[in-house]
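One structure is given here, and the rest of the page talks about it.
Have a look at this one:
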């Protein structure tokens, strides 16, 4: 079993394997979590390594250790959806348009203001990073770069330029969600790539130091993504009912 993790950090590998197993229902309230000795044997890991992995999964809301009762799987409502690993495991378990729509609502509340703040606060280096990010999106449009990576890098560059440390903490979460949502929203829109021109409108406003225009341009991007996901959810609901 552990051979597939060769070359990786063992604790990280165990967290990924057990986390996915919990989210997919291999372990649950009805299917008890294995005892420590069995897991150590299964993964070829020491008790300290295994306990560190369990501690990390507990911090993600997936497990709870109870004195003299062992370790138990927590119900799904206790899982930390703001943890990038948990969000990814859930989306890998079963692609969920409603979940992505809910997360896009969070982005709609955050990213327009982040763009507004970036237009007001970005340092020369941060503006340069945004310029590089949009240039790479144009390169991707020409087939010279990766469309998904460049789109993610653009949004992360704006979070960094906002000057808000809390917004920056969302970068991994947004990275995770975008990897699932971009292809789907492009599909619903009937395009191969995200609109670089629409992203460039955000970049130009930030580079020009125009906070209201930057906020409006980013709000347009976020609202369009949310509308596309909502339309997709409605279409899939109709298809399932027919």
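Numbering (my numbering), first residue to last: 335 to 576. Glycine included, every Cβ here is placed at the ideal spot set by N, Cα and C.
Name, in chain order, the residues that DSSP records as bridge partners for residue i.
{"i": "residue 399", "result": "405"}
If I follow the unbroken alpha helix (DSSP H) through residue i, where does it start and stop?
{"i": "residue 476", "result": "From DSSP, residue 476 is part of no alpha helix (DSSP H); its letter is neither H nor E."}
{"i": "residue 437", "result": "431 to 455"}
{"i": "residue 367", "result": "Note, residue 367: premise wrong, no alpha helix (DSSP H); not H, not E."}
{"i": "residue 485", "result": "481 to 495"}
{"i": "residue 426", "result": "418 to 427"}
{"i": "residue 389", "result": "381 to 393"}
Please state whether DSSP places residue i in a helix, a strand or coil.
{"i": "residue 358", "result": "coil"}
{"i": "residue 565", "result": "helix"}
{"i": "residue 351", "result": "helix"}
{"i": "residue 515", "result": "helix"}
{"i": "residue 544", "result": "coil"}
{"i": "residue 520", "result": "helix"}
{"i": "residue 557", "result": "helix"}
{"i": "residue 535", "result": "helix"}
{"i": "residue 502", "result": "helix"}
{"i": "residue 507", "result": "helix"}
{"i": "residue 415", "result": "coil"}
{"i": "residue 528", "result": "coil"}
{"i": "residue 341", "result": "Its pLDDT being 44, under 50, residue 341 is placed unreliably by the model, and the measurement read from it follows with that caveat. Of the three classes helix, strand and coil, the one that applies to residue 341 here is coil, per DSSP."}
Would you check if the distance between the CB atom of residue i and the CB atom of residue j is smaller than 7 Å?
{"i": "residue 352", "j": "residue 379", "result": "no"}
{"i": "residue 563", "j": "residue 438", "result": "yes"}
{"i": "residue 366", "j": "residue 453", "result": "no"}
{"i": "residue 408", "j": "residue 396", "result": "yes"}
{"i": "residue 558", "j": "residue 431", "result": "no"}
{"i": "residue 508", "j": "residue 449", "result": "no"}
{"i": "residue 415", "j": "residue 556", "result": "no"}
{"i": "residue 423", "j": "residue 354", "result": "yes"}
{"i": "residue 514", "j": "residue 433", "result": "no"}
{"i": "residue 482", "j": "residue 516", "result": "yes"}
{"i": "residue 418", "j": "residue 506", "result": "yes"}
{"i": "residue 497", "j": "residue 547", "result": "no"}
Contact defined as beta carbons within less than 8 Å: I believe residue i pairs with residue j. What is the distance between those atoms, to the nearest angstrom?
{"i": "residue 504", "j": "residue 494", "result": "Not a contact, Cβ separation roughly 11 Å."}
{"i": "residue 460", "j": "residue 489", "result": "Not confirmed; about 14 Å, so no contact."}
{"i": "residue 536", "j": "residue 552", "result": "5 Å"}
{"i": "residue 468", "j": "residue 534", "result": "5 Å"}
{"i": "residue 391", "j": "residue 349", "result": "6 Å"}
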